[in-house]
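Heads up, the thing below is written out as structure tokens.
Protein chains: 2
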Amino acid sequence: MGRIGKHSFELTSRPRIMASAAFVGSKEGEGPLGSEFDVSIKDDTLGLDSWEQAESRMFESAVRTALFKIGRQSDELSCLIGGDLLNQIVSSGFAAREIRAPFIGLYSACSTITEALMIGGMLTDGGFAELTACAGSSHFSTVERQYRYPLEMGVQPVPTSQRTVTGAGCVILGNEKTFRDSKKTQFTHAALTGGTMGSVEDFGITDANNMGAAMAPAACRTILTHLEDMGKTPDYYDRIITGDLGRFGSEMLYELCSAKGADIKNAHDDCGRLIFAEDQNTVCGGSGCGCAASVLASHFIPAVERGEYKRILFLATGALLSPVTSLQGESIPCISHAVVIEHED
Amino acid sequence: MGRIGKHSFELTSRPRIMASAAFVGSKEGEGPLGSEFDVSIKDDTLGLDSWEQAESRMFESAVRTALFKIGRQSDELSCLIGGDLLNQIVSSGFAAREIRAPFIGLYSACSTITEALMIGGMLTDGGFAELTACAGSSHFSTVERQYRYPLEMGVQPVPTSQRTVTGAGCVILGNEKTFRDSKKTQFTHAALTGGTMGSVEDFGITDANNMGAAMAPAACRTILTHLEDMGKTPDYYDRIITGDLGRFGSEMLYELCSAKGADIKNAHDDCGRLIFAEDQNTVCGGSGCGCAASVLASHFIPAVERGEYKRILFLATGALLSPVTSLQGESIPCISHAVVIEHED
Numbered sequence: 128m129g130r131i132g133k134h135s136f137e138l139t140s141r142p143r144i145m146a147s148a149a150f151v152g153s154k155e156g157e158g159p160l161g162s163e164f165d166v167s168i169k170d171d172t173l174g175l176d177s178w179e180q181a182e183s184r185m186f187e188s189a190v191r192t193a194l195f196k197i198g199r200q201s202d203e204l205s206c207l208i209g210g211d212l213l214n215q216i217v218s219s220g221f222a223a224r225e226i227r228a229p230f231i232g233l234y235s236a237c238s239t240i241t242e243a244l245m246i247g248g249m250l251t252d253g254g255f256a257e258l259t260a261c262a263g264s265s266h267f268s269t270v271e272r273q274y275r276y277p278l279e280m281g282v283q284p285v286p287t288s289q290r291t292v293t294g295a296g297c298v299i300l301g302n303e304k305t306f307r308d309s310k311k312t313q314f315t316h317a318a319l320t321g322g323t324m325g326s327v328e329d330f331g332i333t334d335a336n337n338m339g340a341a342m343a344p345a346a347c348r349t350i351l352t353h354l355e356d357m358g359k360t361p362d363y364y365d366r367i368i369t370g371d372l373g374r375f376g377s378e379m380l381y382e383l384c385s386a387k388g389a390d391i392k393n394a395h396d397d398c399g400r401l402i403f404a405e406d407q408n409t410v411c412g413g414s415g416c417g418c419a420a421s422v423l424a425s426h427f428i429p430a431v432e433r434g435e436y437k438r439i440l441f442l443a444t445g446a447l448l449s450p451v452t453s454l455q456g457e458s459i460p461c462i463s464h465a466v467v468i469e470h471e472d
Numbered sequence: 128m129g130r131i132g133k134h135s136f137e138l139t140s141r142p143r144i145m146a147s148a149a150f151v152g153s154k155e156g157e158g159p160l161g162s163e164f165d166v167s168i169k170d171d172t173l174g175l176d177s178w179e180q181a182e183s184r185m186f187e188s189a190v191r192t193a194l195f196k197i198g199r200q201s202d203e204l205s206c207l208i209g210g211d212l213l214n215q216i217v218s219s220g221f222a223a224r225e226i227r228a229p230f231i232g233l234y235s236a237c238s239t240i241t242e243a244l245m246i247g248g249m250l251t252d253g254g255f256a257e258l259t260a261c262a263g264s265s266h267f268s269t270v271e272r273q274y275r276y277p278l279e280m281g282v283q284p285v286p287t288s289q290r291t292v293t294g295a296g297c298v299i300l301g302n303e304k305t306f307r308d309s310k311k312t313q314f315t316h317a318a319l320t321g322g323t324m325g326s327v328e329d330f331g332i333t334d335a336n337n338m339g340a341a342m343a344p345a346a347c348r349t350i351l352t353h354l355e356d357m358g359k360t361p362d363y364y365d366r367i368i369t370g371d372l373g374r375f376g377s378e379m380l381y382e383l384c385s386a387k388g389a390d391i392k393n394a395h396d397d398c399g400r401l402i403f404a405e406d407q408n409t410v411c412g413g414s415g416c417g418c419a420a421s422v423l424a425s426h427f428i429p430a431v432e433r434g435e436y437k438r439i440l441f442l443a444t445g446a447l448l449s450p451v452t453s454l455q456g457e458s459i460p461c462i463s464h465a466v467v468i469e470h471e472d
């Protein structure tokens, strides 16, 4: 059976990662990973009437580009699983209207891409899906005005701020038969083999400008649960990768893990730290659903495909607050779902 | 394997519905189904500081009550799957913080309970979950101020309006082993046996006060896809039940289905029409995630348990708009996911 330990699971059929794609904004395109993304857009409205429409179009384009790489059409999808940060996940919902595949809408804040991969993997392994698109997106300009202030106000970031990534990432999963029968595939050596479902953690942080600190406990708990359920130590993985803890949150994660006897510092990467260079003025790094989704799609999956990493634990982290709950004085509940991606010979 | 036809699936292990519970508001408690709900609250703040906190507490209470009926604790849950209508699904997220089970957050507007059951059923059938809580909630006062106007303005409803249900419903699924080994169960004759994943439909309706009309095409498409995939006619089901099309949307559904050769009128019920009496001043009936969730939990599942209905097709319908997309002049994309619930001897 698929369940292992308390909250982990194994995908015994080892669903294949057949393709991936990422669309990002211009600032992300100028960052250290710039050359790895499929497209970096120059105008963050894409010439459309609103940033919201642009984000939705980026989501749709990431899915279509990933499908194009394996010569597939969207009507061949068993389902599209995904979400974003906007109220009522309208970027994903409106993209799903154009893509016209069965749509499983998620809300898991910045941990969306791992929630999508987890469900996509289980549906594939359970025989319910043959070809699945898992996707997530975020957009600096849509998020900033929804969660914080109108951009026109020019509010200064604080020392723990992170910049929401403008980006969308998509990962295409196929079952064994779909992979074998496919005339064309982007990847032949990457598989989704398991993971751990996250629970909500809340350490009482109320500062919505310090998401890294709020989310680190959720990441820590999921890592420790995963290692315990699987009976492994951190060195079992070539990399343990978080979504968007940023510089401050990553340091906090090391301390939290270390206090529980798990030293992960040397094996750890964080997409939020990788996507922007220190001189790009993003303070603690990037954040948003699109951060983990685009860095996974364009940087880490290709690295697993090349055999550079044999096995990675990838866990995006999400802060489940809303502006209303913050105004009502609530603290920030956070979650982190993890998936394991392995190199297949 | 689980997949049938284009978008449908069969749950061959027939996951058991072990318990269900519903918490509703006072107006819902005074309606035709009032005596069937577990609790109808008198004060819609529950004595808490905000309606948002009250909605979250109702969500949590529905889950805990359903678990209590089978003598289980929340830490025995493989996962909690659910969502609500609030931005960033904070009712569910904050409830998940208290419940502390692995949490799969969904956004599918008013079709959330069927999306949750669909995923819960697949995870159970695939061997990834032993005991799962699927839940959804909505609250008249949180939704009204988020989507429409401050309640204090006293805006008049239009002839196609529906009233958002204050309510939360939870359904507990167990796999064969959990069901067999359980010392206590509320239901012994109800199983989740299949369903159909919905795709996004948009007929170009832009009137956010006419959700029934916007959602009817999505329900129609899912019903027709389901019948085609399964090779069945509408009379295969004792009832075909929609979530919250209301009086106007239901009439539209009959016309749309009838134009495609499927006469469903005699077999059809709509939770939005059932939950309020005509003299309760709700115009076209009830709506919201909590409408379908509470009526399913307290009315339809018990009817299947008693053998009154041998087999029902239950499809909640969701409108994937946001106030921002409406203000930007967008039409309303809608979705409907369906599940089949059968009486087991």
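Protein chains in written order, with the working numbering: chain Z, 128 to 472; chain G, 128 to 472. For every residue, glycine included, the Cβ atom is placed at its ideal position computed from N, Cα and C.
Those residues which DSSP pairs with residue i across a bridge
i: I468 (chain Z); result: Z:L319, Z:I439
i: D165 (chain G); result: Bridge partners of D165 (chain G): none, in fact.
i: C297 (chain G); result: G:A148, G:A262
i: T287 (chain G); result: The partner list for T287 (chain G) (beta bridge, DSSP) is empty, contrary to what the question assumes.
i: S463 (chain G); result: G:T444
i: T480 (chain Z); result: With chain Z covering only 128 through 472, there is no way to say anything about residue 480 (chain Z).
Simplified DSSP state of residue i, which is helix, strand or coil
i: R145 (chain G); result: Note on residue identity: the sequence assigns Met, not Arg, to residue 145 (chain G). Residue state, collapsed to three classes: strand.
i: A262 (chain Z); result: strand
i: H242 (chain G); result: Before going on, a small fix: residue 242 (chain G) reads as Glu here, not His. Three-state result, E242 (chain G): helix.
i: S377 (chain Z); result: helix
i: V292 (chain G); result: coil
i: S385 (chain Z); result: helix
i: V327 (chain G); result: coil
i: T349 (chain G); result: helix
i: E257 (chain G); result: coil
i: R199 (chain G); result: coil
i: P159 (chain Z); result: coil
i: P361 (chain G); result: helix
i: E137 (chain G); result: strand
i: L233 (chain Z); result: strand
i: D308 (chain G); result: helix
i: R130 (chain Z); result: strand
i: I332 (chain Z); result: coil
i: S268 (chain Z); result: helix
Contact set between residue i and chain Z, taken where Cβ atoms lie within less than 8 Å
i: R227 (chain G); result: S326, V327
i: I144 (chain G); result: Chain Z residues near I144 (chain G): none, gap ~19 Å exceeds 8 Å.
Neighbour list for residue i in chain G, Cβ cutoff strictly below 9 Å
i: Q200 (chain Z); result: Here the premise fails: no neighbours, minimum Cβ distance about 14 Å.
i: V217 (chain Z); result: L447, L448, S449, V451, T452, E457, P460
Residue i: contacting residues in chain Z (beta-carbon distance under 7 Å)
i: C206 (chain G); result: M324
i: A420 (chain G); result: Per Cβ cutoff of 7 Å: no residues; A420 (chain G) is ~16 Å from chain Z at best.
i: H134 (chain G); result: P229
Contacts of residue i in chain G (Cβ-Cβ under 8 Å)
i: F441 (chain Z); result: None at all; the shortest Cβ gap to chain G is about 17 Å.
i: E257 (chain Z); result: R130
i: E179 (chain Z); result: V451, T452, Q455
Local Cβ density within 10 Å of residue i, reported as buried at 16 or more and exposed below that
i: L278 (chain Z); result: exposed
i: R348 (chain G); result: buried
i: Y276 (chain G); result: exposed
i: K169 (chain G); result: exposed
i: Q273 (chain G); result: buried
i: A386 (chain G); result: exposed
i: G388 (chain Z); result: exposed
i: D472 (chain G); result: exposed
i: L175 (chain G); result: exposed
i: T315 (chain Z); result: exposed
i: S326 (chain G); result: buried
i: T333 (chain Z); result: exposed
i: P229 (chain G); result: buried
i: G289 (chain Z); result: Correcting the residue type first, residue 289 (chain Z) is Gln in the shown sequence and not Gly. When all chains shown are included, Q289 (chain Z) counts as buried.
Residues that residue i contacts on chain G, provided the C-beta gap is smaller than 7 Å
i: G473 (chain Z); result: Residue 473 (chain Z) cannot be examined here, being either before or after the span of chain Z that is shown, 128 to 472.
Q: Check whether the stretch 300-308 of chain G touches the stretch 451-459 of chain G, taking contact to mean three or more Cβ pairs, one atom from each stretch, closer than 8 Å.
A: no
(Q) Can you pull out the residues from the stretch 227-241 of chain G whose beta carbon lies closer than 8 Å to at least one beta carbon of chain B? (A) Of the protein chains in the structure, Z and G, none is chain B.
(Q) Check whether the stretch 454-469 of chain Z and the stretch 311-326 of chain Z touch, using three or more Cβ-Cβ pairs below 8 Å as the test. (A) yes
Q.
With three or more C-beta pairs closer than 8 Å as the rule, is the stretch 410-425 of chain G touching the stretch 368-381 of chain G?
A. Segments in contact, yes.
(Q) Across the stretch 201-209 of chain G and the stretch 180-191 of chain G, are there enough close Cβ pairs to call them in contact, namely three or more that are closer than 8 Å? (A) yes
(Q) Check whether the stretch 341-358 of chain G and the stretch 236-248 of chain Z are in contact - that is, three or more C-beta pairs closer than 8 Å. (A) Here the stretch 341-358 of chain G does not lie against the stretch 236-248 of chain Z, with fewer than 3 beta-carbon pairs under 8 Å apart.
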